[in-house]
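Below is one structure, written out as structure tokens; the observations come after it.
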Amino acid sequence: MNGYFDIDIWGLVAAVVMVLIAAGISALMKTGVATSLVWATARSLVQLLAMGFILQYVIRQDNVWLVIGLIALMLLAAVQITMGRATGAPKGLVGIVLLALVVTMLLMLAIVAELIVRPKPWYAPQLVVPLTGMLLGNTVSALALGLSRFFESMRERYAEVNTLLALGATKWEAAKPSMISSIRLGLLPSVAMLASSGIVTIPGMMSGQIIAGKSPVSAAKYQFVILAAVAALTLVADSIIIALIYKRCFISYDRYFVPEPAKQLSLKDLIRLRKDVHPDESAAELKRAAADDRRMSAR
Amino acid sequence: MDTAKDTGRHLFTARTVTAVMPRRGGGETTVFRGLSFDVDGGEVVDVTGPSGSGKSTLLTAFARLNVHTSGTFALDGRDSDTFTPQMWRSVVAYLPQTPTLIGDTVADAIRLPWTLKVRHSERAHEPKDLLTDAHIRATLDDMGCADIDLDRAPRDLSGGQAARVSLARTLLTKPRVLLADEVDAGLDEENADKVADLLKKAADNGTAVVRIRHRAPDGRATRMVVLKDGVLRDVPLPTAAQVAAAARDDDFGGDDVAAAASVDGADGADSALRKER
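Respectively, the protein sequence lines represent chains P and S.
Mind the numbering: the first sequence is residues 1 to 299 in UniProt numbering, read in order.
Mind the numbering: the second sequence is residues 1 to 277 in UniProt numbering, read in order.
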């Protein structure tokens with residue numbers, strides 16, 4: 001292939017060795033990320049390989065149901081990763097996260113794919129799948145950051161929220177500073193991505209098009225539309241989520257009550273039996289259930 | 001005891017007030033159960049009692065801010081459930097012990113309650129210049145806060161100044177019931193006295209004032225109650241001579257008296273009674 005350089009097996013080995021060296025250094029410095037670094041590397045290699053084959057298969061088959069199925073799978077994975085990364089968020093947010101992702105994804109496909117690019121057939125997998133991937137990749141990190149930040153901020157602002165409520169603030173008014181700080185933090189990566197695109201980051205999609213012989217102008221236009229849409233829709237997703245969850249920090253009669261964070265399951269917990277890891281879990285579970293009951297009956 | 005007639009007679013009534021706190025590691029602790037309390041406009045009621053007896057919990061229950069409390073509350077005989085939470089808290093105002101001043105300047109912090117939706121309609125009835133710096137200045141001066149610069153950042157205020165600004169912020173919203181949670185804690189005598197004057201003035205203008213106090217009696221209370229072991233009971237007010245004695249002690253060994261009172265306010269009140277006899 002013209003202008004394309006293949007990586008042989010030694011290339012892969014070299015990459016793995018680099019990660020191992022990095023992991024060794026972090027182990028020596030006791031940063032505690034060594035295991036997760038190695039694990040994430042292995043996971044990424046397997047996922048990329050699998051996605052490569054799946055993508056090739058779906059593009060060849062050119063079947064609308066296969067495309068929809070693949071996107072649905074990506075959505076579910078995105079929800080799982082968001083919930084895993086959103087430390088401090090309470091449980092029971094899966095539905096809301098899924099809703100926000102579906103809405104933004106449909107907007108993305110409707111506007112970018114069907115209004116701007118107009119591929120034939122309309123579900124052209126070579127466009128729709130990577131487009132969804134770019135959007136989800138960006139939204140997932142924004143949502144995880146935004147969710148963690150929101151609940152962290154609501155916990156930190158304990159005195160402020162109670163003072164505001166005591167002065168007659170509504171739930172919305174009392175939660176607003178946390179919402180703003182959460183959305184701002186969630187959007188920073190998108191803004192940084194827009195500002196650095198073309199200088200620091202050369203998007204793979206764009207270089208791919210140029211390698212394939214497209215004119216630089218059309219490649220840049222294409223890339224710009226996608227980056228701008230991703231940034232804008234990330235804000236939409238973040239706003240949907242925050243607008244739907246801020247009420248979780250209050251119970252009946254607009255009283256301030258931040259729910260307990262959901263337990264994060266690490267790989268270790270899954271390998272060992274969870275009971276060994278959390279012997280006091282049943283008590284904590286009971287307490288939370290009691291709090292839920294109170295909340296329900298209070299309504 | 002809790003008939004409708006009974007609740008109609010007072011400005012603010014609380015019936016069957018119960019606080020059940022979740023204990024760390026599971027289980028629950030009942031702080032108090034089935035308490036009743038009334039207060040009328042113009043009164044200054046001091047609530048004392050040992051630390052952890054639930055005085056703050058009681059006051060936050062009155063403002064319906066506390067998640068772990070329940071009870072029936074009424075203002076002028078009208079049940080709190082018929083108010084929106086925002087309306088209820090703007091008439092039954094809770095003032096936290098630690099002042100939290102929100103905004104870049106003192107003026108902003110004082111204006112904050114008026115930026116809230118609950119007061120949008122109310123503002124039409126208030127003078128137009130209510131929120132101008134000049135009017136806030138005049139009000140603060142009137143409250144004996146001439147030493148507080150409006151353009152200062154709230155975090156630069158001293159403890160006494162912050163306590164007075166926090167009090168002024170709530171007083172300007174003209175609540176019918178003011179629940180002051182130990183707002184004079186950690187203040188020197190002079191500042192504590194200023195705060196007490198502000199509260200007394202509000203009571204003279206018809207507000208019902210409920211104060212949690214750990215300090216020695218300051219002669220401004222019209223009634224005293226003690227919350228201890230889950231029971232709320234009335235105790236006689238200290239006599240003028242006792243107040244004077246407490247003030248005299250404050251001049252010399254005031255810290256000891258205040259410390260003794262803060263360790264166990266109820267016992268302090270009891271010993272005051274014994275002395276009387």
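The beta carbon of each residue, even a glycine, is placed where N, CA and C say it ideally should be.
How close, in whole Å, do the beta carbons of residue i and residue j come, if the pair is a contact with beta carbons under 8 Å?
| i | j | result |
| --- | --- | --- |
| Met83 of chain P | Leu93 of chain P | 7 Å |
| Val209 of chain S | Ala216 of chain S | Not confirmed; about 18 Å, so no contact. |
| Arg220 of chain S | Ala196 of chain S | 5 Å |
| Leu135 of chain P | Val230 of chain P | 5 Å |
| Met143 of chain S | His68 of chain S | Not confirmed; about 34 Å, so no contact. |
| Ile241 of chain P | Leu143 of chain P | 6 Å |
| Ala107 of chain S | Asp79 of chain S | About 37 Å; that fails the 8 Å criterion. |
Cα-Cα, which of the options is closest to residue i?
| i | options | result |
| --- | --- | --- |
| Asn205 of chain S | S:Val47, S:Lys194 and S:Gly42 | S:Gly42 |
| Pro85 of chain S | P:Phe150, P:Trp172, P:Ala113 and P:Ile241 | P:Trp172 |
| Gly54 of chain S | S:Ala63, S:Val231 and S:Ser80 | S:Val231 |
| Arg211 of chain S | S:Pro236, S:Ala107 and S:Ala185 | S:Ala185 |
| Leu76 of chain P | P:Leu233, P:Gly208, P:Ala195 and P:Gly133 | P:Gly133 |
| Arg15 of chain S | S:Leu35, S:Asp133 and S:Arg233 | S:Leu35 |
| Glu190 of chain S | S:Ile136, S:Asp218, S:Pro175 and S:Phe32 | S:Asp218 |
| Val165 of chain S | S:Arg176, S:Gly49 and S:Arg152 | S:Arg152 |
| Ser239 of chain P | P:Leu99, P:Ile71 and P:Phe5 | P:Leu99 |
| Asp174 of chain S | S:Asp181, S:Thr139 and S:Ala162 | The sequence shown places Lys at residue 174 of chain S, not Asp. Here the closest residue by C-alpha is S:Thr139. |
| Arg255 of chain P | S:Arg64, S:Gly52 and S:Gly26 | S:Arg64 |
| Gly103 of chain S | S:Gln97, S:Pro113 and S:Leu95 | S:Pro113 |
| Val225 of chain S | S:Val47, S:Thr82, S:Lys117 and S:Leu237 | S:Val47 |
| Leu165 of chain P | S:Lys200, S:Leu130, S:Val92 and S:Arg137 | S:Val92 |
| Glu235 of chain P | P:Leu107, P:Asp8, P:Gln80 and P:Gly52 | Note that residue 235 of chain P corresponds to Leu in the displayed sequence, not to Glu. Closest by alpha carbon: P:Leu107. |
| Phe150 of chain P | P:Tyr253, P:Val46 and P:Pro259 | P:Pro259 |
| Lys91 of chain P | P:Val79, P:Leu101 and P:Val102 | P:Val79 |
| Pro261 of chain P | P:Ile25, P:Pro125, P:Val58 and P:Ala89 | P:Ala89 |
| Val17 of chain S | S:Ser70, S:Asp188 and S:Gln97 | S:Ser70 |
| Leu178 of chain S | S:Leu131, S:Leu150 and S:Leu167 | S:Leu167 |
| Arg233 of chain S | S:Val45, S:Ala19 and S:Gly27 | S:Val45 |
Between residue i and chain P, is the shortest Cβ-Cβ distance under 7 Å, so that the two count as touching?
| i | result |
| --- | --- |
| Arg78 of chain S | no |
| Lys117 of chain S | yes |
| Leu65 of chain S | yes |
| Thr13 of chain S | no |
| Asp2 of chain S | Its pLDDT being 44, under 50, Asp2 of chain S is placed unreliably in this model, and the value from its coordinates should be taken loosely. Output row for Asp2 of chain S: interface = no. |
| Ser271 of chain S | Note that Ser271 of chain S scores a pLDDT of 41, beneath 50, so its modelled location is shaky and nothing firm can be said. |
| Gln86 of chain S | yes |
| Thr132 of chain S | no |
| Val20 of chain S | no |
| Thr121 of chain S | Correcting the residue identity first, residue 121 of chain S is Ser in this sequence and not Thr. No, Ser121 of chain S does not count as interfacial toward chain P. |
| Thr222 of chain S | no |
| Arg89 of chain S | yes |
Around the C-beta of residue i, are 16 or more other C-beta atoms found within 10 angstroms, so that it is buried, or is it exposed?
| i | result |
| --- | --- |
| Trp88 of chain S | buried |
| Gly146 of chain P | buried |
| Arg23 of chain S | exposed |
| Ala73 of chain P | Residue identity check: residue 73 of chain P is Leu in the sequence provided, not Ala. Looking at its Cβ environment, which holds fewer than 16 other Cβ atoms inside 10 Å, Leu73 of chain P is exposed. |
| Gln223 of chain P | buried |
| Ala15 of chain P | exposed |
| Ala61 of chain S | buried |
| Asn63 of chain P | exposed |
| Ala163 of chain S | buried |
| Ile71 of chain P | buried |
Give the range of the alpha helix (DSSP H) segment to which residue i is assigned.
| i | result |
| --- | --- |
| Ile9 of chain P | Ile9 to Leu28 |
| Glu190 of chain S | Glu189 to Asp204 |
| Glu156 of chain P | Pro125 to Glu156 |
| Glu173 of chain P | Lys171 to Ser196 |
| Thr82 of chain S | No alpha helix (DSSP H) contains Thr82 of chain S, which DSSP labels as neither H nor E. |
Just checking: is the beta-carbon of residue i within a distance shorter than 7 Å of some beta-carbon in chain S?
| i | result |
| --- | --- |
| Arg184 of chain P | no |
| Ser153 of chain P | no |
| Ala159 of chain P | yes |
| Arg255 of chain P | yes |
| Thr163 of chain P | yes |
| Gly95 of chain P | no |
| Ala175 of chain P | no |
| Ala169 of chain P | yes |
| Ala243 of chain P | no |
| Ala192 of chain P | no |
Just reading off the beta strand (DSSP E) that residue i is part of, what are its end residues?
| i | result |
| --- | --- |
| Asp234 of chain S | Val231 to Val235 |
| Phe73 of chain S | Thr69 to Leu75 |
| Ile212 of chain S | Ala208 to Ile212 |
| Lys221 of chain P | Not the beta strand (DSSP E): Lys221 of chain P falls in the alpha helix (DSSP H), residues Pro216 to Ile245. |
| Pro113 of chain S | Note, Pro113 of chain S: premise wrong, no beta strand (DSSP E); not H, not E. |
| Pro261 of chain P | Here Pro261 of chain P belongs to no beta strand (DSSP E), and DSSP marks it neither H nor E. |
| Arg15 of chain S | Phe12 to Pro22 |
Along chain C, which residues have their Cβ under 9 Å away from the Cβ of residue i?
| i | result |
| --- | --- |
| Ile212 of chain S | This model lacks chain C altogether; the protein chains it does include are P and S. |
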